[in-house]
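Here is the structure we will look at, set down as structure tokens.
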Amino acid sequence: MALLQDLAPLVDLVFPPRCPLCGTGVATHTGLCGSCWSGLVIPATPACNACQRPFVGEVADGLVCAPCLQEPPLHDGIAAATVYNETSRHLVLAFKRGRRIALAPMLARLMVARMPAIDGDWLVVPVPLHRWRLWQRGFNQSALLAREIARATGARLAVDALVRRKPTPTLGGLGRDARIRMLQGAIRLHPQRRQLWKNANVLLVDDVLTTGATTNACIAVLKRAGAVKVVIACAARVMDEALPHI
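Here the sequence shown is numbered in this note's numbering, starting from -19 and rising by one per residue.
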């Protein structure tokens, strides 16, 4: 680590730091420019006590939103670094599709800032990719985020704890019910990791949380195996109602 810090000025000289979104010069390789930072929307408070969905207007602490009252969630909380908008969309796409894996530490720091306090008794588990998708992409973006979060918190990384046993088509554009059908039977426990789950606290890591169908499939498997608490951490969460409307 000290060697990397000593070499940083030379790296900056050869490869001047630039914002990964717009290309503007920045001070270091680890962040966005001021304009792009200002484009990110951080989930606000007050928020639902169950799912952290921001409320509009002044409400008392500890309330639960209507969707969670209607259908209590499987998870035990959601820690979203940002609300999904154009800026966070471009950031996630640069990371996942543009193969800018050096963005993982920055995204993980944003996620850790929104997470409840965890310690080494927690397991950090990424949402799995099917092996075909992993071969095509070359990496699991959720696993990269999980690794950085485990480093930052000291929690135990269980990178292969869940397995995507069958390929599913890209879920983008599908509604919640269609996603649930596609994911039936797709997620299972790694057969050699079953001993991890009894009374376990799990931080389930994903890049983007949309309808929650994928994370719910993971949570159902984990809780059947004995996990007592599963908190979701994501880099961006789709919540149109939480975006500012002008």
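We treat Cβ as the ideally placed atom computed from N, Cα and C, and that holds for glycine. Please read these numbers as outputs of a predicted model, since none were measured by experiment.
Secondary structure at Gly118: coil, using DSSP grouped into helix, strand and coil. For the pair Ile199 and His110, the CB atoms are not nearer than the 8 Å cut-off. In terms of Cβ geometry, Val211 and Pro96 form a close pair [threshold 8 Å]. The alpha-carbon separation between Ile167 and Gly5 amounts to approximately 42 Å. Sorting Gly206, Arg144 and Val105 by C-alpha distance to the C-alpha of Trp177 places Gly206 at the top. Listed in chain order, the non-local C-beta contacts of Leu137 below 7 Å within the same chain comprise Val104, Ala126, Arg127 and Ala130, local neighbours out to five positions each way being set aside.
For Ile199, the enclosing alpha helix (DSSP H) begins and ends at Ala193 to Arg204.
Annotated three-state conformation of Arg145 is coil, per DSSP. Remark: three or more beta-carbon pairs, one from each stretch, lie closer than 8 Å, so the region 16 to 31 and the region 52 to 67 are flagged as touching. DSSP places Trp102 in no alpha helix (DSSP H) but in the uninterrupted beta strand (DSSP E) bounded by Trp102 to Pro106.
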